[in-house]
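Under this note's numbering, the first residue of the sequence shown carries the number 22, and numbering increases by one thereafter. Glycine included, every Cβ here is placed at the ideal spot set by N, Cα and C. Small disclaimer: the values here were computed from a predicted structure and weren't measured. Here the structure is laid out as structure tokens; the discussion comes afterwards.
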Amino acid sequence: MVPVSRDTCWLAPLFQFSWEHKSDNSKMITLSDSYNTRFNVPKPDFPYTVGKHLRVRSHIPPQPTNLSNCLLKFHARRERESIDPVQRCLLHPPSSGTFTSGVAELEIIKLVRAGDQHGAQLLAVRVLTSTHDLPSDTDLLAKFYDPLYFDHEQDDADPFLCVDSAYTHESAVYRKLAGFQGSIIPKYYGSFSLSLPIDHMNFREVRLILMENVPGISMHDLNPSNFTKSERQAIMKAIIDSETALYNHGVRHRDIYPRNILVLPSDHARKVVLVDFGKAWTSRSPFPEWEEKFLPGIPISPLLRWIKPREWFDGWVDWDWMAWVEQHYEHTRGSITEYMQRKWGPKDLSTDKKG
Ligand SMILES: Nc1ncnc2c1ncn2[C@@H]1O[C@H](COP(=O)(O)OP(=O)(O)OP(=O)(O)O)[C@@H](O)[C@H]1O
Ligand SMILES: [Mg+2]
Numbered sequence: 022m023v024p025v026s027r028d029t030c031w032l033a034p035l036f037q038f039s040w041e042h043k044s045d046n047s048k049m050i051t052l053s054d055s056y057n058t059r060f061n062v063p064k065p066d067f068p069y070t071v072g073k074h075l076r077v078r079s080h081i082p083p084q085p086t087n088l089s090n091c092l093l094k095f096h097a098r099r100e101r102e103s104i105d106p107v108q109r110c111l112l113h114p115p116s117s118g119t120f121t122s123g124v125a126e127l128e129i130i131k132l133v134r135a136g137d138q139h140g141a142q143l144l145a146v147r148v149l150t151s152t153h154d155l156p157s158d159t160d161l162l163a164k165f166y167d168p169l170y171f172d173h174e175q176d177d178a179d180p181f182l183c184v185d186s187a188y189t190h191e192s193a194v195y196r197k198l199a200g201f202q203g204s205i206i207p208k209y210y211g212s213f214s215l216s217l218p219i220d221h222m223n224f225r226e227v228r229l230i231l232m233e234n235v236p237g238i239s240m241h242d243l244n245p246s247n248f249t250k251s252e253r254q255a256i257m258k259a260i261i262d263s264e265t266a267l268y269n270h271g272v273r274h275r276d277i278y279p280r281n282i283l284v285l286p287s288d289h290a291r292k293v294v295l296v297d298f299g300k301a302w303t304s305r306s307p308f309p310e311w312e313e314k315f316l317p318g319i320p321i322s323p324l325l326r327w328i329k330p331r332e333w334f335d336g337w338v339d340w341d342w343m344a345w346v347e348q349h350y351e352h353t354r355g356s357i358t359e360y361m362q363r364k365w366g367p368k369d370l371s372t373d374k375k376g
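Printed below as a string of structure tokens:
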């Protein structure tokens, strides 16, 4: 999407469905208001509050949905301007999957990252009762993929498609990475569904996963200047090792940014934990027919995939990145073939500016 401030389109007539113009580079930009903004109707009160009890049902998600489908398309853009998002939740329920017999009752203990305009709601919960072995002696983290509290003003994302995609991808990745749970990724306790009342007649289903509440802080919320160089190097090394382990196991995270990396206290056995698999692939390539070309099962050296500095780690890295990566992963050089060099080796070695 071309970034355009919504403030620049205040002249759009109130009942015109959308406002379009051509930017300098002639790319079409469409800005439109959601139903809530146009009619000044608030969304219903936020349902995830501390102390609330939620009864959730075990759910097996369907196969991951198509990630590239998450863009806001013409029909959905029209719809969001004229239909209340609560009603839209009924029109666009999550993709079905299968319910199993398990149920659990949860109590919300703390809002970890929650509120309107988030792609997911992250809540610390306690398990009060459950029909399967959920731990009740420790708080878990529940991630709710609730489309109602997604940002409905966004001009490039369809809330319903995005949350469905994130839920199905994240659940599939946790299952595939069972062997890494509790070390470089959180332990996963399963996928569930919550029935939330809309009115006396109607309910909407919200999917969620339960996982370990990792005792770490998002790297995004930490100040690198509070860390020594050797601590920062240990963190960066752990990030490369963790991401490489996932890739070598056939998972591409695709969102390795500081906000999705939890840093643990220095006396902890785990250094970093990677979270947020909503955009991840359970493969190395986006299409099954390409996978063979990505040499599934064969480890790929960080000398190829991590040699380029990434600018979003700039505050953390103040040393010669390439020399440092070469020094740490020299022992993997012998595994690199000419084909790997062509496929994964950087085309140029300047800083990576995009994910
Ligand atoms: N298992 C966990 N343990 C502790 N904190 C976590 C855990 N998972 C997520 N968090 C915290 O919640 C934040 C949001 O989680 P997550 O990244 O999964 O949500 P999202 O909505 O998919 O993210 P984004 O804002 O990147 O789109 C993370 O940045 C992290 O601070
Ligand atoms: Mg995230």
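Buried versus exposed call for residue i [16 or more other C-beta atoms within 10 Å across all chains shown]
i: G200; result: exposed
i: T159; result: exposed
i: A163; result: buried
i: L92; result: exposed
i: Y195; result: buried
i: M222; result: exposed
i: N61; result: exposed
i: N234; result: buried
i: V71; result: exposed
i: L111; result: exposed
i: H352; result: exposed
i: F213; result: buried
i: P309; result: exposed
i: S263; result: buried
i: H55; result: For the record, residue 55 in the displayed sequence is Ser; it is not His. Buried.
i: W327; result: buried
i: D154; result: exposed
i: I260; result: buried
i: Y360; result: exposed
i: R99; result: exposed
i: K48; result: With a pLDDT of 43 at K48, under the threshold of 50, the modelled position of this residue cannot be trusted; read the value that follows with caution. Looking at its Cβ environment, which holds fewer than 16 other Cβ atoms inside 10 Å, K48 is exposed.
i: P63; result: exposed
Residue i - partner residues in DSSP beta bridges
i: M222; result: Paired residues: none, contrary to the question.
i: L215; result: V77, V227
i: R273; result: W302
i: L182; result: BP columns for L182 are empty, so no partner.
i: R331; result: D373
i: V146; result: I129, L161
i: I282; result: L295
i: Y166; result: R228
i: L92; result: A178
i: R134; result: L143
i: V124; result: R78
i: Q202; result: I206
i: E102; result: For E102, which the question treats as bridged, DSSP gives no partner whatsoever.
i: E233; result: L161
Below-8 Å beta-carbon distance, residue i vs any chain D residue
i: A259; result: The structure shown contains no chain D; it is built from a single protein chain.
Local conformation of residue i per DSSP, three classes
i: F171; result: coil
i: K64; result: coil
i: A255; result: helix
i: T119; result: strand
i: L324; result: helix
i: P338; result: The residue asked about is misnamed: residue 338 is Val in this sequence, not Pro. Of the three classes helix, strand and coil, the one that applies to V338 here is coil, per DSSP.
i: D242; result: helix
i: I261; result: helix
i: T159; result: coil
i: R291; result: coil
i: S44; result: Summary for S44: the model assigns pLDDT 36, below 50, so the residue's position carries little reliability; its value from the coordinates is reported in the next sentence. Looking at S44 - three-state DSSP - the assignment turns out to be coil, as it is neither helix nor strand.
i: F308; result: coil
i: K368; result: coil
i: Y209; result: strand
i: Y195; result: helix
i: L111; result: helix
i: Q362; result: helix
i: V346; result: helix
i: S151; result: strand
i: S356; result: helix
i: F248; result: coil
Next on the checklist: Beta-carbon distances below 6 Å to any heavy atom of ligand 2 define the shell here; list its residues in chain order, please.
Outcome noted: The set of residues with any CB-heavy atom separation to ligand 2 below 6 Å comprises, in chain order, R280, N281, D297.
Next on the checklist: Contact between the region 185 to 204 and the region 94 to 105 is defined here as three or more beta-carbon pairs at a separation below 8 Å; is this criterion met?
Outcome noted: no
Checklist entry - Using 8 Å as the threshold, is the region 306 to 320 in touch with the region 200 to 219, meaning 3 or more CB pairs across them? => result no
Checklist entry - Would you call the region 142 to 152 and the region 126 to 133 touching, i.e. three or more CB-CB distances under 8 Å? => result yes
Next on the checklist: Between the region 323 to 337 and the region 356 to 374, can you find at least three pairs of beta-carbon atoms closer than 8 Å?
Outcome noted: At 8 Å Cβ cutoff, the stretches touch.
Checklist entry - So does the region 250 to 263 actually touch the region 335 to 354, counting three or more Cβ pairs closer than 8 Å? => result yes
Checklist entry - How about the region 297 to 313 and the region 270 to 278: do they share at least three Cβ pairs that are nearer than 8 Å? => result yes
Checklist entry - Touch check for the region 282 to 298 and the region 237 to 249: three-plus C-beta pairs under 8 Å? => result yes
Checklist entry - Taking contact to mean at least 3 C-beta pairs separated by less than 8 Å, is the region 173 to 180 in contact with the region 79 to 96? => result yes
Checklist entry - How about the region 216 to 230 and the region 163 to 172: do they share at least three Cβ pairs that are nearer than 8 Å? => result They touch, by the three-pair rule.
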